[in-house]
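Novice: In UniProt numbering, the protein residues as written are 1 to 209.
Backbone N, C-alpha and C fix where the C-beta goes; we use that ideal spot for every residue, glycine too.
1. Rounding to the nearest angstrom, what Cα-Cα distance links residue 69 and residue 165 in this structure?
2. Mind checking residue 106: buried by the 16 CB within 10 Å criterion, or exposed?
3. Please report how far the alpha carbon of residue 114 lies from the alpha carbon of residue 76, in whole angstroms.
4. Since residue 154 and residue 206 are thought to touch, with beta carbons under 8 Å apart, how far apart are those beta carbons, to the nearest angstrom?
5. Taking all protein chains shown into account, do 16 or more other C-beta atoms lie within 10 angstroms of the C-beta of residue 208, making it buried, or fewer, making it exposed?
6. Put residue 43 into one of helix, strand or coil per three-state DSSP.
7. Helix, strand or coil for residue 208? Go by DSSP, reduced to three states.
8. Around the Cβ of residue 173, are there at least 16 other Cβ atoms within 10 angstroms (buried) or fewer (exposed)?
9. Considering only the beta carbon of each residue, do residue 45 and residue 67 sit closer than 8 Å?
10. Can you give me the C-alpha to C-alpha distance between residue 34 and residue 190, rounded to a whole angstrom?
11. How is residue 106 classed by DSSP in three states: helix, strand or coil?
12. What are the start and end residues of the beta strand (DSSP E) that includes residue 31?
13. Going along the chain, which residues of its own chain have a beta-carbon closer than 7 Å to the beta-carbon of residue 84, five neighbours each way excluded?
14. Using DSSP with H/G/I as helix, E/B as strand and the rest coil, what is residue 16?
15. Could you name the residues that DSSP lists as bridge partners for residue 114?
16. Is residue 141 near residue 199, with beta carbons less than 8 Å apart?
17. Have a look at residue 98 and residue 129 and give me their C-alpha separation to the nearest angstrom.
18. Assign residue 51 to one of two classes, buried (16 or more other C-beta atoms within 10 Å of its C-beta) or exposed (fewer than that).
19. So within the segment 135-171, which uninterrupted alpha helix (DSSP H) runs reach at least 4 residues, ignoring any that extend past its ends?
20. Taking only three categories from DSSP, how would you classify residue 90?
21. Mapping DSSP to helix, strand and coil, what is residue 177?
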């Protein structure tokens with residue numbers, strides 16, 4: 001990214017119900033992580049958006065906190081949890097300034113890492129180090145630069161470079177990220193607005209040393 005998007009841009013997307021990453025269900029890649037035993041409590045769902053992953057994991061019995069810096073996102077997440085009868089926890093918080101008051105065994109980042117510019121990405125990784133316990137794991141699901149421009153995209157080298165001293169990048173696999181095509185992508189993708197698409201993505205497993 002040339003410049004990290006502002007909070008107001010995200011708040012507007014949630015308020016107008018035009019956020020292309022809000023699909024009404026968890027990302028298949030995160031569902032598979034849980035199914036194969038990759039997640040351990042306590043869990044931080046950073047950049048939780050409308051709360052799909054926090055709701056899923058809470059329902060399955062995990063100790064999880066969903067956090068987002070956009071108040072509109074947290075408001076929607078709480079409403080979604082209430083509508084589904086799930087007592088999920090959410091908080092407004094800045095991913096660049098996590099203070100380590102609470103620490104986590106698993107951190108899930110679904111489509112947050114890729115929004116940051118170079119300087120903020122470095123700050124973000126430092127911030128993650130404050131909340132991820134030694135031996136804990138951060139999962140990063142990020143749009144790949146092999147995609148069609150659904151949103152901000154990153155290359156393999158960006159992920160590998162971001163997690164340096166204090167981290168072990170244990171795995172970096174290709175996967176997909178599911179989203180809803182908006183007006184900005186419809187013409188380029190050749191599909192109607194509202195079409196669900198699966199775009200190329202990376203899934204990284206990074207362990208805190």
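Specialist: By the coordinates alone:
1. 27 Å
2. buried
3. 22 Å
4. Going by Cβ atoms, the distance from residue 154 to residue 206 rounds to 14 Å, so no, they are not a contact pair.
5. buried
6. strand
7. strand
8. exposed
9. yes
10. 34 Å
11. strand
12. No beta strand (DSSP E) contains residue 31, which is instead part of the alpha helix (DSSP H) from 28-35.
13. 55
14. coil
15. In the DSSP output, where bridge partners are listed per residue, residue 114 has none listed.
16. no
17. 9 Å
18. buried
19. 156-162
20. strand
21. strand
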